[in-house]
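What follows is a single structure, written as structure tokens, with notes after it.
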Amino acid sequence: MAVLPDDSPHRRGRARLLGLSLLAVLVCLGVLAEAFHLAHRSTLARIVLEAEVAARSRALAVESEFAKQRAVAAILADDLQVRDALAAPTPAATAAMSRKLDRLQDETQSSVIYVLDLTGTAVAASNWDEPDSFVGSSYAFRDYFTVALSEGTAQQFALGTVSHRPGLYLSHVVGEGLGVVVVKVEFTAIEASWAASADRTFVTEPDGRVVLASLPETRFTTAPSPSAGQLATTVDLPSAGWALTLFTASAPALESAVLATGTAALGLGLLAFG
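Encoded structure:
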């Protein structure tokens, strides 16, 4: 039987075919890798952009409510009826003020509005006719009272001593220290809309304490860190001094990349064997 020499045309042809096959495999692998990375980067960029838009939209909703209720406190602090009732707190004057606060609370959708005298006692409140009326209760221990008297305005996020519901207390001194107007804001509707989303949202104070959250059980805890597979987007809320953070799943980017790679592999297979 004849033996072909090592440099025979037949052997060289086989080597060339093998080399071309290896090159084709490498090219295909390169195409698949590029398809994976392009799809992953593209989808991840879209997820990041959508998260930023969502975070800014949610921050705007909180800021808008904050600004509205802060304005309510400022306007009431300059209201002549409020000043006169604090200067001369007769039963008729404080009762009329309570009715006015009741109407305003209904119009502005605040949780409750009340007026404290210099001792920190509520002399009028929007819930004056309810079983848990604030009228006659003392809030002298609250920071929103003491700070407002000394600095003019204050804010404090805390649990209500009567309602036991969390909320933001916005306060404003009346006149030249006649008393303090307090507006309590609850963000129940906003938090409920966050909870309906797959994304996790929470708002923190400068010290990192959570005050608003899509998961109520995380309120008043330290801000969590994103877990594996989550992207964090943070937006400042300058008027409140808070920060809103949104956790978004990054898994769709990987899923998109795998799908794109599979599609590219199918296309290459059809080209090769079609």
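Numbering (the working numbering), first residue to last: 152 to 425. For each residue, glycine too, the CB sits at the ideal point set by N, CA and C.
*In or out: Val-204 buried (at least 16 other Cβ within 10 Å) or exposed?*
Exposed, by the Cβ-count rule.
_On the CB-based measure, 16 or more other CB atoms within 10 Å of its CB, does Arg-254 come out buried or exposed?_
In the assembly as shown, Arg-254 is an exposed residue. Its beta-carbon has fewer than 16 other beta-carbons within 10 Å.
*So, using beta-carbon positions, are Val-334 and Gly-303 closer together than 9 angstroms?*
Cβ atoms of Val-334 and Gly-303: not closer than 9 angstroms.
*Grouping DSSP H, G and I as helix and E and B as strand, with all else coil, what is Arg-351?*
In the structure shown, Arg-351 sits in a strand (DSSP, three-state: E or B).
*Of the choices Ala-400, Asp-280 and Ala-374, whose alpha-carbon is the least far from that of Trp-393?*
The residue with the shortest Cα to Cα distance from Trp-393 is Ala-374.
*Do you know how far the Cα of Ile-264 is from the Cα of Glu-128?*
Only positions 152 to 425 of the chain appear in the structure, and residue 128 is not among them; the question remains open.
_Here's the rule I'm using: 16 or more other beta-carbon atoms within 10 Å means buried, otherwise exposed. How should Ile-198 be labelled?_
Counting of Cβ neighbours within 10 angstroms places Ile-198 among the buried residues, the total reaching 16 or more.
*For Leu-363 versus Val-331, is the C-beta spacing smaller than 9 angstroms?*
No.
*Rounded to whole angstroms, how far is the Cβ of Leu-397 from the Cβ of Ala-206, which I believe are closer than 8 angstroms?*
The pair is a contact, with the Cβ atoms about 4 angstroms apart (cut-off 8 angstroms).
*Output the distance between the C-alpha atoms of Arg-209 and Ala-243, rounded to the nearest integer angstrom.*
Taking the straight line joining both Cα atoms gives about 43 angstroms.
*Spell out a yes or no on whether the stretch 265-277 and the stretch 337-350 are touching, meaning 3 or more CB-CB pairs, one atom from each, closer than 8 angstroms.*
Remark: fewer than three beta-carbon pairs, one from each stretch, lie closer than 8 angstroms, so the stretch 265-277 and the stretch 337-350 are not flagged as touching.
_Quick check on the DSSP output: the beta strand (DSSP E) that includes Phe-371 runs from which residue to which?_
Run containing Phe-371: none; DSSP gives neither H nor E here.
*Spatially closest choice to Thr-342 from Asp-358, Trp-279 and Ser-365, by CA coordinates*: Position check: residue 342 holds Glu in this sequence, whereas Thr was assumed. When each option's Cα is compared against that of Glu-342, the closest is Ser-365.
*For Pro-240, three-class secondary structure by DSSP*: It is coil, neither helix nor strand.
_Alpha-carbon to alpha-carbon, Leu-382 and Ala-275_ = In a straight line, the C-alpha of Ala-275 is about 47 angstroms away from that of Leu-382.
*Roughly how many whole angstroms lie between the Cα atoms of Gln-256 and Phe-296?*
Their Cα atoms are separated by approximately 20 angstroms.
*Are the CB atoms of Gly-311 and Ser-289 nearer to each other than 9 angstroms?*
One thing to note: Gly-311 has its Cβ no nearer than 9 angstroms to the Cβ of Ser-289.
*Label Gly-292 either buried or exposed according to how many other C-beta atoms from any shown protein chain fall within 10 Å of its C-beta, with 16 as the threshold for buried.*
Note on identity: in this sequence residue 292 is Phe, with Gly being the wrong assignment. Exposed, by the Cβ-count rule.
*With a CB to CB cut of under 7 angstroms and the five nearest residues on each side skipped, what residues in its chain are close to Thr-245?*
Answer for Thr-245: Ala-236, Val-274 and Ala-275, listed in chain order.
_Nonlocal neighbours in the same chain, by C-beta distance under 7 angstroms from Val-233, ignoring five residues either side_ = If we look at Val-233 and ignore the five residues flanking it on each side, its Cβ neighbours are Leu-227, Met-248, Val-266, Val-325 and Val-332.
*Nearest to Ala-305 by alpha carbon, out of Ser-348, Ala-379 and Ser-390?*
Cα-wise, what sits closest to Ala-305 is Ser-390.
*Spatial neighbours of Val-286 within its chain, please: CB distance less than 6 angstroms, with the 5 preceding and 5 following residues excluded, ordered by chain position.*
Cβ within range, chain order: Ala-273, Ala-276 and Trp-279.
*In terms of alpha-carbon separation, which member of Leu-189, Glu-214, Thr-194 and His-188 lies closest to Val-354?*
Just measuring C-alpha positions, the residue of Leu-189, Glu-214, Thr-194 and His-188 sitting nearest Val-354 is Glu-214.
*Neighbourhood of Lys-219 by C-beta distance below 8 angstroms, restricted to the same chain and skipping five residues each side*: Around Lys-219: Thr-259.
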